[in-house]
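Under UniProt numbering, think of the first position of the sequence shown as 1, with each following residue one higher.
From the three backbone atoms N, C-alpha and C, an ideal C-beta is built for every residue, glycine too.
Since we're looking at a predicted model, the values are computed, not measured.
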Amino acid sequence: MRTHVLRSLIAAICIQGDTVKEKSVAELLHREHGLSRELANETTTDYLSAFRRCPDNPDVALAQWRSQLWQDVLPVTHKHLASELYGRWLEWRYRYLALPAELQTMLQTLRLQYLLGIITNGPTAAQWEKIDRLALNKYFDCILVSSDLPWAKPDRNIFYAACHYLGVPPGQCVMIGDKLETDIQGGIEANLGATVWLPLPTEQRIAGDRTMQDVPDHVRPDAIVDSVLKLPALLPPSTSFRGRTPAQVDTGDWEQKTTRNRAAQYNRILPEIPDLYSTYSSSSNDCSQHSNGSNSSNSNSSS
Numbered sequence: 001m002r003t004h005v006l007r008s009l010i011a012a013i014c015i016q017g018d019t020v021k022e023k024s025v026a027e028l029l030h031r032e033h034g035l036s037r038e039l040a041n042e043t044t045t046d047y048l049s050a051f052r053r054c055p056d057n058p059d060v061a062l063a064q065w066r067s068q069l070w071q072d073v074l075p076v077t078h079k080h081l082a083s084e085l086y087g088r089w090l091e092w093r094y095r096y097l098a099l100p101a102e103l104q105t106m107l108q109t110l111r112l113q114y115l116l117g118i119i120t121n122g123p124t125a126a127q128w129e130k131i132d133r134l135a136l137n138k139y140f141d142c143i144l145v146s147s148d149l150p151w152a153k154p155d156r157n158i159f160y161a162a163c164h165y166l167g168v169p170p171g172q173c174v175m176i177g178d179k180l181e182t183d184i185q186g187g188i189e190a191n192l193g194a195t196v197w198l199p200l201p202t203e204q205r206i207a208g209d210r211t212m213q214d215v216p217d218h219v220r221p222d223a224i225v226d227s228v229l230k231l232p233a234l235l236p237p238s239t240s241f242r243g244r245t246p247a248q249v250d251t252g253d254w255e256q257k258t259t260r261n262r263a264a265q266y267n268r269i270l271p272e273i274p275d276l277y278s279t280y281s282s283s284s285n286d287c288s289q290h291s292n293g294s295n296s297s298n299s300n301s302s303s
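Now the structure itself:
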């Protein structure tokens, strides 16, 4: 993989736990509440489908909305369990989603050398709950939630917004994500320096997830890894970012840019963000000329 001088990494939130915890709830319904295994599995599958379609409702508190989703899918004889199941589901959800120690160490190490950012598609309340409960704030310089902005991946403008907030040209950013149709396609069309695809395991994929056969020919990542822990080995050193000392990382002596506390209807006007498309697209090559291993650059690594 070849990249331009690298100063920042932009990642999607690509941590999954839905399948495992839904199995735990199904087991609870079967063992403690007498549902047949078939009905317990069907109930939890129906909940997961409803949750993925609409993980929050801006007019209702998260707990109330998700308890209602459970009530909607439970058999009539068990609808009284909705609040209890929501509580157990939430506990298991974040137990399974918690960042492993080795991933925390990797992020802390990367932050000494690079600026780190997150771009995540999804509704505001649900995504910020995930960010807060997983304590992701302490690892990232920029966190953008699509519902807080006028754009979502793969729209190139949300990538340009991340570049703007980080103060880094697109060609000096690398996009890491698990979805070809949003993370990788968007990164390529925004002319980021490189893209890295982290395919989800088969059991964690959902309907609509694309494979290499399902996307346009120009949507080809510069690298594919089967573990996010292999990412550091792919990256060239940062030659223009000053870096941080471990003390700065530990004390939070840095400025974070996020979309937190933005109302979706207010975000149609973003005076602090310039005309991103004109700013960045005019200085970038057409997406068909994205590196994909062929562009020359000031620093590179191979895989």
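Worksheet item: Going by other Cβ atoms of all chains shown within 10 Å of its Cβ, with 16 needed for buried, is D178 buried or exposed?
Response: For the purposes of this step, residue 178 is taken as residue 178 along the sequence shown, with counting starting at 1. When all chains shown are included, D178 counts as buried.
Item to complete: Can you check DSSP and say which residues form a bridge with M212?
Response: The count along the sequence shown starts at 1 and reaches residue 212 at position 212. Beta-bridge pairing links M212 to no other residue.
Fill in: Cβ-based burial, Q64 [other Cβ within 10 Å; buried from 16]
Here residue 64 refers to the residue found at position 64 of the sequence shown. That one is exposed.
Discussion item. Tell me the residue span of the alpha helix (DSSP H) that contains V73.
Written reply: One-based indexing of the sequence shown puts residue 73 at position 73. Where V73 is concerned, the enclosing alpha helix (DSSP H) stretches over L62 to V73.
Item to complete: Please report how far the alpha carbon of T3 lies from the alpha carbon of A194, in whole angstroms.
Response: In the sequence shown, residue 3 corresponds to position 3, counting from 1. In the sequence shown, residue 194 corresponds to position 194, counting from 1. Reliability fails at T3, whose pLDDT of 39 lies under 50, so the model's placement of it is uncertain and the value that follows must be treated cautiously. T3 and A194 have their C-alpha atoms spaced approximately 6 Å apart.
Worksheet item: Taking just the CA atoms, how far does R133 sit from T182?
Response: For the purposes of this step, residue 182 is taken as residue 182 along the sequence shown, with counting starting at 1. For the purposes of this step, residue 133 is taken as residue 133 along the sequence shown, with counting starting at 1. One C-alpha to the other measures close to 24 Å.
Discussion item. Suppose the cutoff is 6 Å on Cβ atoms and the five residues either side in sequence are ignored; what does the same chain contact list for P271 look like?
Written reply: Looking up residue 271 in the sequence shown gives position 271. With a pLDDT of 39 at P271, under the threshold of 50, the modelled position of this residue cannot be trusted; read the value that follows with caution. Result list for P271: empty, nothing under 6 Å.
Worksheet item: If you count every other CB in all the chains shown that lies within 10 Å of the CB of V76, and 16 or more means buried, which is it?
Response: Counted from its first residue, the sequence shown places residue 76 at position 76. Burial call: exposed.
Discussion item. Whole angstroms are fine: how far does the CA of D222 sit from the CA of W197?
Written reply: Start at 1 with the first residue of the sequence shown, and residue 197 comes out as number 197. Start at 1 with the first residue of the sequence shown, and residue 222 comes out as number 222. In this structure, the alpha-carbon of W197 lies about 8 Å from that of D222.
Worksheet entry | Per-residue burial, H164 [other beta carbons within 10 Å of its own, 16 or more giving buried] | Stepping through the sequence shown from its first residue, residue 164 is reached at position 164. The residue is buried, with at least 16 neighbouring Cβ atoms inside 10 Å.
Item to complete: Report buried or exposed for D59, applying the criterion of at least 16 other Cβ atoms within 10 angstroms of its Cβ.
Response: Within the sequence shown, residue 59 is the residue found at index 59, counting from 1. Classification for D59: exposed.
Worksheet item: Given L166, which residues of its chain have a CB within under 7 Å of its CB, disregarding the five upstream and five downstream residues?
Response: Locating residue 166 in the sequence shown gives position 166, counting from the first residue. S8, L115, G117, D141 and C142, listed in sequence order.
Practice prompt. Between the Cα of A233 and those of L29, L62 and M106, spot the shortest distance and give me the residue it belongs to.
Written response: Against the sequence shown, residue 233 aligns to sequence position 233. For A233, the closest of L29, L62 and M106 by C-alpha to C-alpha distance is M106.
Worksheet item: Where does A190 sit, in a helix, a strand or coil, going by DSSP?
Response: Residue mapping note: residue 190 aligns to position 190 of the sequence shown, counting from 1. Correct three-state label for A190: coil.
Discussion item. So, with DSSP's three-state summary, where would you put L134?
Written reply: Your numbering for residue 134 matches position 134 in the sequence shown. Under the three-state reduction of DSSP, L134 is assigned to coil, being neither helix nor strand.
Worksheet item: Any contact of the stretch 151–160 with the stretch 185–194, i.e. 3+ C-beta pairs under 8 Å?
Response: By the Cβ test, the stretch 151–160 is in contact with the stretch 185–194, since at least three Cβ pairs between them sit closer than 8 Å.
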